[in-house]
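Colleague: Got a structure here, written out as structure tokens. Questions coming.
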Amino acid sequence: MNNSLTIDIQCLFPLPELPISINLTISGVDEAYFDDVLKDVLEQTVADVNNVPVTAVNAYYVGSVSTRSIDNTAVINVTITPENSDQETAVLEKVGYSNVFASEVNAELEAYNTTVDSVSDIERIIAYTG
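Using the working numbering, the first residue of the sequence shown is number 1, and each one after it goes up by one.
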């Protein structure tokens, strides 16, 4: 006779959802313009596109990219921290279709003369607190 007890640890100690990280290559932006104008716009746009609160989105300037045809191209890291597993699934699906995601973000960024040229693969961030 097996008298084992199975306990769902997730129910007892809910695990936070893992942040979703992507790099956007954006033309028409340098570090000063990103800091002064685009950071807040990009964070709000990504939040709106993914139906998450803006507090769940963080964008930061990684560096400039040298291209032959476009001046002021930069890599911007965007991290989205879902609040629950349903939100996590929705964000992964939306960002996973990078062309659709880029198009929706570009619709807003067009007013700021910037364009998302590419979206990196999704990375998950595991924070170690040891």
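Virtual Cβ for every residue (Gly too), placed ideally from N, Cα, C. Quick caveat: nothing in here was measured; it's all calculated off a predicted structure.
(1) Looking at the secondary structure, which residues open and close the alpha helix (DSSP H) in which S98 lies?
(2) Is S182 near A74, with beta carbons less than 7 Å apart?
(3) Can you tell me the Cα-Cα spacing of T115 and T25, whole angstroms?
(4) How far does the beta strand (DSSP E) with D48 in it extend, from its first residue to its last?
(5) Should the segment 97-109 be regarded as contacting the segment 30-50, the criterion being three or more beta carbon pairs within less than 8 Å?
(6) Going by C-alpha distance, which of S120, S21, Y60, Q44 is nearest D35?
(7) Could you tell me which residues DSSP pairs with V24 in its beta bridges?
(8) In or out: S27 buried (at least 16 other Cβ within 10 Å) or exposed?
(9) What residue does the beta strand (DSSP E) around V131 start on, and which one ends it?
(10) Where DSSP assigns a beta bridge to S85, which residues make up the other side?
(11) Measuring straight from C-alpha to C-alpha, what distance separates S85 and K39?
(12) How many Å lie between S120 and Q87 at the Cα?
(13) Ordered along the chain, which non-local residues of its own chain (more than five positions away) have a Cβ less than 8 Å from that of V105?
Modeller: According to the structure shown:
(1) 98-109
(2) Shown here, the chain extends from 1 to 130; a query on residue 182 therefore has no answer.
(3) 8 Å
(4) No beta strand (DSSP E) holds D48; the alpha helix (DSSP H) holding it covers 39-50.
(5) yes
(6) Y60
(7) As written in the sequence, residue 24 is Leu, which differs from the Val given in the question. Per DSSP, I76, V119.
(8) buried
(9) Any question about residue 131 goes unanswered here, given that the chain covers just 1 to 130.
(10) Answer is none; S85 lacks a bridge partner.
(11) 26 Å
(12) 20 Å
(13) L24, L42, T45, V46, V49, V116
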